[in-house]
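Number of protein chains: 2
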Amino acid sequence: MYKEINGGVCAPKGFRASGVHCGVKGDGNTAKKDLALIVSDVECAAAGTFTTNQVKASPVYLSMKNVADGKAKAIVCNSGNANACAPQGEENALKMCEETAKILGLAPEEVLVASTGVIGHTLNIDAIVNGLPAAEKALSYEGSEDAAGAIMTTDLVMKQISVELELGGKAVRIGGIAKGSGMIHPNMGTMLSFVTTDAAVEGETLKKMLRDVVRVTFNRISVDGDTSTNDTCLILANGLAENALITEGTADYEAFREALTFVLRTLAVKIAKDGEGATKLITCNVTGASGEERAEVIAKAVIRSPLVKTAMFGSDANWGRVLCAMGYSGEEFDPAEVTIGFASRAGSIEVCTGGQGLEFDEDQALKVLSEDEVEINITMQEGTNSVTAWGCDLTYDYVKINGDYRT
Amino acid sequence: MYKEINGGVCAPKGFRASGVHCGVKGDGNTAKKDLALIVSDVECAAAGTFTTNQVKASPVYLSMKNVADGKAKAIVCNSGNANACAPQGEENALKMCEETAKILGLAPEEVLVASTGVIGHTLNIDAIVNGLPAAEKALSYEGSEDAAGAIMTTDLVMKQISVELELGGKAVRIGGIAKGSGMIHPNMGTMLSFVTTDAAVEGETLKKMLRDVVRVTFNRISVDGDTSTNDTCLILANGLAENALITEGTADYEAFREALTFVLRTLAVKIAKDGEGATKLITCNVTGASGEERAEVIAKAVIRSPLVKTAMFGSDANWGRVLCAMGYSGEEFDPAEVTIGFASRAGSIEVCTGGQGLEFDEDQALKVLSEDEVEINITMQEGTNSVTAWGCDLTYDYVKINGDYRT
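If you're matching them up, the sequences are chains Z and S in order.
Take the first sequence: its position 373, counted from the start at 1, is 373 in the numbering used here, and no numbers get skipped.
Take the second sequence: its position 72, counted from the start at 1, is 72 in the numbering used here, and no numbers get skipped.
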């Protein structure tokens, strides 16, 4: 059992964070933060998951290398430039790491690096180097919001969560921040998410757990089907909670995993809901499937479908598009065993059963679908596996934002 | 060698066609045609390719069955209702087939059936039955345009093409019509396309050739990544050109296949260009790949990417999104060996080489990308395979059309 608390990545003991404007977002607006630091007072067990895109940003390669030994102490991240496919990318990512290490008195291997923003432009490394002293100076045990703000690009809403649970009489905390928006279709990674905990847990254990949890949280959201070059999820565990070391196969492991799942799922859902241009969070529940993997494939095909997404934007109970997306997902199934319904806080309505349309009240359907959080519920009759995936609607604003992002 | 001629599906000898309003499009606008017939004077060799969606419309199943013997004489098609996942779907498709056969004096097995439109609503079979006499009466050797008009849904442009070639001193003609718009991401089929020819060719030969040609034409377009429940491509060959029977491995076979490829590619490109809400045709050429299949996977990932599509809408030379889409296509490659350029009738510009951005003239890029037909040219350095795929931009109007289609 865990409970939600305040504090974000600074909720766990011994973590400071900051976010400042350094000028990577080069529009002259100094109110826009673009450089974030998260630093632990003591060495941490660390783990990460990263994009599976063949084209990976330079900081992704560097963080993969630095986290490989299961240890780290700090995370540095800029927004405004992804440092992907960019001239001097490797060199600039390394310099960002080294300069951060220098100013924090750490070894470069203890620093994990992330970037987010436009692809293909040279990173303004001078702005970062010049901004690091201010970022270091601003480090605070209440700095999570500043850091969460500094990693945002076209995000409208800050994404932050923290929880507390008890393990062997000790209070253990987990906190996380994330950024999302567009190019969101994570595959074994996510956009950017940084998670801290004061739990005592070793790097290898953390790595396994993170992969398990990312699989059922971040990897089950999609904004536009575009898997980014920069997806990164990092976790630092500094052990200051003084709990007994968490090891696999114990009740503590399960309790901690449950809490971590809540943290990552909360951030994932926030990313889906704040997808570029989105007006609605769409939750697709597939139940009664014969396997978890196929339920996931089907749920993700539905939330990814542009026709389903535009129908949701229009509050149109167009279940035919849902069934159609299931049908091209790549999974075989019998349409005659499929039931589809829509639900929201305004009520619920069943619209298709046995693969065919039901007569339903269009006014009630409109009422259900006009809410800003809508569920698509798919029931199959083949087994006991359930999967939930999250997405958002496709709107004029998505087109507007992305028709004019780079220049 | 073939040359383009007029006449559409009525260009080949012995084919009549018609298109009338019967009322399936139930908005009371009798100017909207919704019932099409294509009829050959004599028995035809016939072949078809159909959607791979697990959820197939009732007419798809029926046409698969009726074309299985490689013979047919007529095609009947309605727009306004897909007869997919609809109550009495099978029954209504069969009735549409039987009534058409009756009025034409044919056996039901000689009639192929197709439907397009909204999913999940009961087909207004009475309107079709009542409209068939008028459709039969309107049959004409100049009726291709009427038929092409009657299969349109949200299409803005009629899609029609015909060619003539010479085989052994005989003039052989091929004609085709198609409809596209949304839910376009064909897989071993297409939306709807009906092709006629007066060539002498047997059903089995025709089937093999059609599959080969569909693979490199219709299966290389995407409007929105949604594979429809109704994709159907049918071809009828009545032999009235009196050419020697076309058999595999001959020069005639190659010449006919070349002409058929031109016909289907022309229709496919018309569908891509007239994608729902589209303002631009996007052609993605991948060259220098080590295999055709991987080149196709990469090209289709690029034209399917919502971020590439919105960038094209905004005339933004955002090549990072192109490289990113290549990277998540599922194919492995070395980004350092990739060159990307844009081209149109306004000129061309190279924007990325060795996986990194080039300095380029933004004004020139804007000029190139502001045209209504734009090429994305991707050069790899690993082999000699080339593939072209076609798509369109993602616009406000796509969202508008699909946010309010059903109700």
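The C-beta atom is built at its ideal place from N, Cα and C for all residues, glycine as well.
- Between aspartate 372 of chain Z and threonine 283 of chain Z the beta-carbon gap is near 12 Å, outside 8 Å, which marks them as no contact.
- Scanning its chain for C-beta atoms nearer than 7 Å, with the 5 sequence neighbours on each side dropped, one finds around threonine 154 of chain S the residues Ser181, Gly182, Glu276 and Ile401, in chain order.
- Within the stretch 49 to 79 of chain S, the residues whose Cβ lies closer than 9 Å to some Cβ of chain Z are Thr51, Thr52, Asn53, Gln54, Val55 and Lys56, listed in chain order.
- With a threshold of 9 Å between beta carbons, arginine 304 of chain Z makes contact with chain S.
- Assignment of valine 213 of chain Z by DSSP, reduced to helix, strand and coil, places it in the helix class.
- Looking at the DSSP output, glutamine 160 of chain S shares a beta bridge with S:Ile177.
- Contact annotation for isoleucine 119 of chain Z against chain S: Asn318, Trp319, Gly320, Arg321, Leu323, Cys324 and Gly357 [CB-CB distance below 9 Å, chain order].
- Proximity to alanine 93 of chain Z across Z:Leu104, Z:Val113, Z:Glu204 and Z:Leu167 peaks at Z:Val113, based on C-alpha coordinates.
- Non-local C-beta neighbours of alanine 299 of chain Z in its own chain, meaning closer than 6 Å and more than five positions away in sequence, comprise Cys284, Val286, Val387 and Ala389, ordered along the chain.
- Classified as buried, lysine 159 of chain S has 16 or more neighbouring CB atoms from the shown chains inside 10 Å of its CB.
- Straight across, the Cα-Cα distance linking glutamate 292 of chain Z with glycine 23 of chain S is about 45 Å.
- For the 9 Å CB-CB criterion, arginine 257 of chain Z and aspartate 198 of chain Z do not form a contact.
- Under the criterion of beta carbons closer than 8 Å, alanine 17 of chain S and isoleucine 38 of chain S qualify as touching, at roughly 5 Å.
- DSSP places isoleucine 151 of chain Z outside both helix and strand once states are collapsed to three, so it counts as coil.
- Between glycine 391 of chain S and phenylalanine 218 of chain S, the alpha-carbon positions lie close to 11 Å from each other.
- Every alpha helix (DSSP H) stretch that sits fully inside the stretch 32 to 103 of chain Z and reaches 4 residues is listed by chain position as 58 to 67.
- Against chain Z, the CB of tyrosine 2 of chain S has no partner CB under 9 Å away; the residue lies outside that interface.
- Aspartate 226 of chain Z is not a Cβ neighbour of arginine 345 of chain S, given a cutoff of 9 Å.
- Contact of cysteine 85 of chain Z with chain S is assigned, a C-beta pair being separated by under 9 Å.
- According to the DSSP assignment, valine 399 of chain Z belongs to the alpha helix (DSSP H) that extends over 396 to 403.
- In this chain, cysteine 233 of chain Z is not harboured by any alpha helix (DSSP H); it is covered by the beta strand (DSSP E) spanning 232 to 237.
- At a cut-off of 9 Å between C-beta atoms, alanine 295 of chain S does not count as an interface residue with respect to chain Z.
- If you check each beta-carbon in the stretch 7 to 21 of chain Z against every beta-carbon of chain S, none falls closer than 7 Å.
- Residue burial is scored here from C-beta neighbours: asparagine 318 of chain S has at least 16 other C-beta atoms within 10 angstroms and is therefore classed as buried.
- By the rule that beta-carbons nearer than 9 Å mark a contact, valine 399 of chain Z touches chain S.
- Contact annotation for glycine 391 of chain S against chain Z: no contact, minimum CB-CB distance about 12 Å [criterion: below 7 Å].
- With respect to the C-alpha of threonine 100 of chain S, the residue from S:Glu359, S:Ala74, S:Lys33 and S:Gly80 having the closest C-alpha is S:Ala74.
- Neighbourhood of serine 181 of chain S in chain Z, by CB distance below 9 Å: empty, with the nearest CB roughly 11 Å away.
- In this chain, the alpha helix (DSSP H) harbouring glutamate 254 of chain Z covers 251 to 273.
- Across the structure, alanine 68 of chain S and valine 111 of chain S are spaced so that their CA atoms are roughly 12 Å apart.
- Under the 9 Å criterion on CB atoms, asparagine 385 of chain S is classed as non-interfacial with respect to chain Z.
- The beta-carbon of glutamate 204 of chain Z is placed no less than 9 Å from the nearest beta-carbon of chain S.
- Rounded to the nearest angstrom, the Cβ distance from serine 144 of chain Z to glycine 7 of chain Z is 6 Å, consistent with a contact under 8 Å.
- Contact between cysteine 85 of chain S and glycine 168 of chain Z does not hold, since their C-beta atoms are separated by about 54 Å, which reaches or exceeds 8 Å.
- Looking at the DSSP output, glycine 341 of chain Z shares a beta bridge with Z:Glu350 and Z:Asn377.
- For phenylalanine 15 of chain S, the uninterrupted beta strand (DSSP E) segment begins and ends at 15 to 20.
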